[in-house]
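*Asks:* Sharing a structure, written as structure tokens. Questions coming.
Written as structure tokens, this is what we have:
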């Protein structure tokens, strides 16, 4: 029986009068690929930010990897983000004046110490061995997103969070990125929580939950 | 007032206990016991010593012990740098010894004794009753316990290596000693180096390795002359003073990081490396702080907070027969134990001298200059006179004896009502001694 990596109980997030996430009960077993779907403003990114330690809940309980997120200090949250989570954003957020390998090394630097050889290997794993010294502006959208994946996995996270990672990509690049994530997940055995608008992308996961106005309205298992 | 005088000593003591508590973190109770027993023992030792040997001898012994701890730091620093650079260093027995309760107790006890003796020296001569010394010991014990409590509250990720501990303890002892001019080590070190360089050049010259020949150009002597400057002693002493702490810092910086080659997962490997690097960086804090404390000790040595008795030379003249007479009880009281300076001028020549009553109750008349240094003169403080040029302390008991940096004694006649000095002899002696040393290059005031 797999252990639960994410467990929420009545998880709520308010921004002033606006309730972005209404009491949410959710369990994610270790190793699962969970897709989160919903309209804009449904609370998907809010949930992701809470899971990644980028934001704090207003109410309810949230345990990620056995850590009570509400009990963590700012330093504890920073450590959690550094060592436990990898995040892939839609907008890449690569540093424009650094090369691909340097962008990956930056994540190593904030985690512990940079290791160029390891960063090169990570980029080779995502098929960018020939693009090590290129800056983000010299890479295609799909390639940039693969750099982001290399950056996200370089510190061996237990939880990989994706905030519409294929939102800006064409169909071919989307397939390539999803295939890559599938391979890496098989090798590294991390848990994935991915927010998406695209049902095709959501179908890559083991389970999909649907949020509407901050409420979990439906969930379905996409693969046995 | 007394508390203000004792403040540097007590602060140093608190720092020493804090460093020992962290350096022997598993042996805090042994450290506490050693410190609380050691300090009063040191106070008692200094009191007994000063009673048995009044004068400079007791101070000299304590100064030598502090000097011994500095030499020990040198040895520790060299060993640390050796062990950090040599791959196969037999560290097991040394580490076992350093981590033993015996070592923690011995370090705490001996540091306490030295710190206690230094602090007691501040009171010796001023207080002759027991209560101030008891209060000092009590205050030090309370401070030791407080320092250990503070140490417990410090973050666990702030380790102190054994070499760092040694550097910090010795630096704080030197700082404490530098607050008492008779225990200060930096000035004697400066002076010894300066004299060494002078002797070296003399020996070099006398063994004809520098021939006194026309072909030796003047500019060469200009360079050799640099060795006679005051700066040689000061900068040389600075190098000797700071080198052990620098070596300890380098030894920590060069320490090998934990082996991570066997760890396959990159993130875990890097995390372990980062932890090693961070711990090494934290261990560097103590030697760096030790350097700051050593710098403070140099500052106190160069600019001591004690007030010198530095009287302005009173003009004096001789009778037609050339006799200078100074009454014992005139405008000044020659027998008050203070330095009384006079300036004698005759026929375009002048000479400075002083009259002093030694602690033995004997009057002495001396030139305000020695046979070695530039004639910057002497001041008086804390049972000594000090040569303003080389900062050498001359115990009052030895003033009147010739040699070294002592003031040059003048022949005089003591009568019931005053002292008589021959003016011509005075001018001649000043001319032959002081005016030749006045040509010493560089430095001076």
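Protein chains in written order, with the working numbering: chain A, 1 to 224; chain W, 1001 to 1445. Where is the CB? At the ideal position from N, CA and C, for every residue including glycine.
#1: For a test of the three-state rule: what should DSSP assign to residue 1127 of chain W, helix, strand or coil?
#2: Start and end of the beta strand (DSSP E) containing residue 1009 of chain W?
#3: Go through its chain and collect everything with a Cβ distance to residue 1433 of chain W's Cβ below 6 Å, but skip five positions before and after it.
#4: What does the alpha-carbon distance come out to for the pair residue 73 of chain A and residue 1071 of chain W?
#5: How far does the alpha helix (DSSP H) with residue 1286 of chain W in it reach, from first residue to last?
#6: Fully enclosed by the segment 1383-1440 of chain W, which beta strand (DSSP E) runs are 3 residues long or longer?
#7: Measuring only between beta-carbons, confirm whether residue 111 of chain A sits less than 9 Å from chain W.
#8: If the criterion is Cβ atoms closer than 9 Å, does the pair residue 86 of chain A and residue 151 of chain A meet it?
#9: Within 10 Å of its beta-carbon, does residue 1287 of chain W have 16 or more other beta-carbons around it, so buried, or fewer, so exposed?
#10: Compute the distance between the beta-carbons of residue 1143 of chain W and residue 1017 of chain W, then report whether it is under 9 Å.
#11: Along chain A, which residues have their Cβ under 8 Å away from the Cβ of residue 1265 of chain W?
#12: Looking at the C-beta of residue 83 of chain A, does it have a partner C-beta in chain W at a distance below 9 Å?
#13: By the 10 Å Cβ neighbour count, where 16 or more other Cβ atoms means buried, how is residue 1442 of chain W classified, buried or exposed?
#14: Contact check, residue 160 of chain A vs residue 65 of chain A under 8 Å by CB: the rounded distance?
#15: Excluding five sequence neighbours on each side, which residues of the same chain lie with their C-beta closer than 8 Å to the C-beta of residue 1280 of chain W?
#16: Counting only Cβ-Cβ distances shorter than 7 Å, please list the residues of the segment 86-118 of chain A near chain W, keeping chain order.
#17: Going by other Cβ atoms of all chains shown within 10 Å of its Cβ, with 16 needed for buried, is residue 16 of chain A buried or exposed?
#18: Which runs of the alpha helix (DSSP H), 4 residues or longer, sit entirely within the segment 1086-1168 of chain W?
#19: According to DSSP, which residues form a beta bridge with residue 1368 of chain W?
#20: Please compile the residues from chain A whose C-beta is within a distance smaller than 8 Å of the C-beta of residue 1273 of chain W.
#21: Could you name the residues of the same chain whose beta carbon sits closer than 8 Å to that of residue 1385 of chain W, not counting the 5 residues immediately before and after it, in chain order?
#22: List, in order along the chain, the chain A residues whose C-beta lies closer than 9 Å to that of residue 1252 of chain W?
#23: Pick out whichever of W:1351, W:1404, W:1374 and W:1337 has its Cα sitting closest to the Cα of residue 1360 of chain W.
#24: May I have the straight-line CA-CA distance separating residue 45 of chain A from residue 59 of chain A, to the nearest angstrom?
#25: Distance check for residue 112 of chain A and residue 1278 of chain W, CA to CA, integer angstroms please.
#26: May I ask you to verify whether the segment 1192-1207 of chain W touches the segment 1125-1140 of chain W, counting CB pairs closer than 8 Å and requiring at least 3?
#27: Tell me, please, which residues DSSP counts as bridged to residue 1357 of chain W.
#28: So the alpha helix (DSSP H) residue 145 of chain A belongs to, where does it begin and stop?
#29: Exposed or buried, residue 1402 of chain W, counting other C-beta atoms within 10 Å across all chains shown (16 or more means buried)?
#30: Hey, could you find the ends of the alpha helix (DSSP H) residue 75 of chain A is sitting in?
#31: Can you tell me the Cβ-Cβ gap for residue 1109 of chain W and residue 1034 of chain W, rounded? I've got them flagged as a contact below 8 Å.
#32: Could you name the residues that DSSP lists as bridge partners for residue 15 of chain A?
#33: What residue range is occupied by the uninterrupted beta strand (DSSP E) comprising residue 49 of chain A?
#34: Between W:1349, W:1183, W:1260 and W:1012, which lies nearest to residue 1060 of chain W when the distance is taken from Cα to Cα?
#35: Report the option in W:1015, W:1322 and W:1416 whose CA atom is closest to the CA atom of residue 1363 of chain W.
#36: Where does residue 162 of chain A sit, in a helix, a strand or coil, going by DSSP?
*Replies:* Result, derived from the coordinates:
#1: Taking the second chain and counting its residues from 1, one reaches residue 1127 of chain W at position 127. Correct three-state label for residue 1127 of chain W: strand.
#2: For the purposes of this step, residue 1009 of chain W is taken as the residue at position 9 of the second chain. Taken as a continuous stretch (DSSP letters only), residue 1009 of chain W belongs to no beta strand (DSSP E), being part of the alpha helix (DSSP H) at 1002-1023.
#3: For the purposes of this step, residue 1433 of chain W is identified with residue 433 of the second chain, where counting begins at 1. Excluding positions up to five away in sequence, the list reads 1371 and 1408.
#4: Taking the first residue of the first chain as 1, we reach residue 73 of chain A at position 73. Taking the first residue of the second chain as 1, we reach residue 1071 of chain W at position 71. Straight-line Cα distance between these residues: approximately 47 Å.
#5: Reading the second chain from its first residue, position 286 is the one you call residue 1286 of chain W. Its alpha helix (DSSP H) spans residues 1266-1302.
#6: 1384-1387, 1393-1395, 1412-1414 and 1418-1422
#7: For this step, residue 111 of chain A is matched to residue 111 along the first chain. Yes - at least one Cβ of chain W is within 9 Å of the one on residue 111 of chain A.
#8: Position 86 of the first chain, counted from the first residue, corresponds to residue 86 of chain A. Position 151 of the first chain, counted from the first residue, corresponds to residue 151 of chain A. Yes, they are a contact pair.
#9: As a working mapping, residue 1287 of chain W is identified with position 287 in the second chain. Classification for residue 1287 of chain W: buried.
#10: The count along the second chain starts at 1 and reaches residue 1143 of chain W at position 143. The count along the second chain starts at 1 and reaches residue 1017 of chain W at position 17. Closer than 9 Å, so yes.
#11: Walking along the second chain from the start, residue 1265 of chain W turns up at place 265. By Cβ distance, chain A contributes 156.
#12: Position 83 of the first chain, counted from the start, is the residue given in the question as residue 83 of chain A. So, interface residue.
#13: For the purposes of this step, residue 1442 of chain W is taken as the residue at position 442 of the second chain. Here residue 1442 of chain W scores only 41 on pLDDT, less than 50, and its place in the model should not be relied on; the value that follows carries that caveat. When all chains shown are included, residue 1442 of chain W counts as exposed.
#14: Working through the first chain from its first residue, we reach residue 160 of chain A at position 160. Working through the first chain from its first residue, we reach residue 65 of chain A at position 65. So it is not a contact: roughly 13 Å between Cβ atoms.
#15: Your numbering for residue 1280 of chain W matches position 280 in the second chain. Same-chain partners within the cutoff: 1252, 1253, 1255 and 1257.
#16: 108, 111, 112, 113, 115 and 118
#17: Stepping through the first chain from its first residue, residue 16 of chain A is reached at position 16. Exposed: under 16 other Cβ atoms inside 10 Å.
#18: 1092-1098, 1101-1123 and 1130-1153
#19: Along the second chain, read from residue 1 onward, the residue named residue 1368 of chain W stands at position 368. BP columns for residue 1368 of chain W are empty, so no partner.
#20: Your numbering for residue 1273 of chain W matches position 273 in the second chain. Near residue 1273 of chain W (Cβ distances below 8 Å), the residues of chain A are 112 and 113.
#21: As a first step, residue 1385 of chain W is located in the second chain; it is residue number 385 there, counting from the start. Excluding sequence neighbours, residue 1385 of chain W sits near 1339, 1356, 1378, 1379, 1393, 1394, 1396, 1399 and 1407.
#22: Locating residue 1252 of chain W in the second chain gives position 252, where the first residue counts as 1. Under the 9 Å cutoff, chain A gives no residues; its nearest Cβ is about 18 Å from residue 1252 of chain W.
#23: Here residue 1360 of chain W refers to the residue found at position 360 when the second chain is read from its first residue. Out of W:1351, W:1404, W:1374 and W:1337, W:1337 has the C-alpha closest to the C-alpha of residue 1360 of chain W.
#24: What you label residue 45 of chain A is simply residue 45 of the first chain in a count that begins at 1. What you label residue 59 of chain A is simply residue 59 of the first chain in a count that begins at 1. Approximately 17 Å between the Cα atoms of the pair.
#25: As a first step, residue 1278 of chain W is located in the second chain; it is residue number 278 there, counting from the start. As a first step, residue 112 of chain A is located in the first chain; it is residue number 112 there, counting from the start. Rounded to the nearest angstrom, the two C-alpha atoms are 10 Å apart.
#26: no
#27: Working through the second chain from its first residue, we reach residue 1357 of chain W at position 357. DSSP output for residue 1357 of chain W lists W:1363 as bridge partner(s).
#28: Against the first chain, residue 145 of chain A aligns to sequence position 145. Unbroken alpha helix (DSSP H) run through residue 145 of chain A: 141-153.
#29: The residue you call residue 1402 of chain W lines up with position 402 of the second chain. Result: exposed.
#30: Counting from one through the first chain, the residue named residue 75 of chain A turns up at place 75. Residue 75 of chain A -> alpha helix (DSSP H) spans 74-84.
#31: The residue you call residue 1109 of chain W lines up with position 109 of the second chain. The residue you call residue 1034 of chain W lines up with position 34 of the second chain. That pair is a contact at about 4 Å.
#32: Counted from its first residue, the first chain places residue 15 of chain A at position 15. According to DSSP, residue 15 of chain A bridges with A:18.
#33: Locating residue 49 of chain A in the first chain gives position 49, counting from the first residue. Careful: residue 49 of chain A lies outside any beta strand (DSSP E), inside the alpha helix (DSSP H) at 44-51.
#34: Within the second chain, the letter at position 60 stands for residue 1060 of chain W. Nearest option by C-alpha distance: W:1183.
#35: Here the question's residue 1363 of chain W lines up with position 363 in the second chain. Checking every option, the nearest Cα to that of residue 1363 of chain W belongs to W:1416.
#36: Walking along the first chain from the start, residue 162 of chain A turns up at place 162. If DSSP states are grouped into helix, strand and coil, residue 162 of chain A belongs with the strands.
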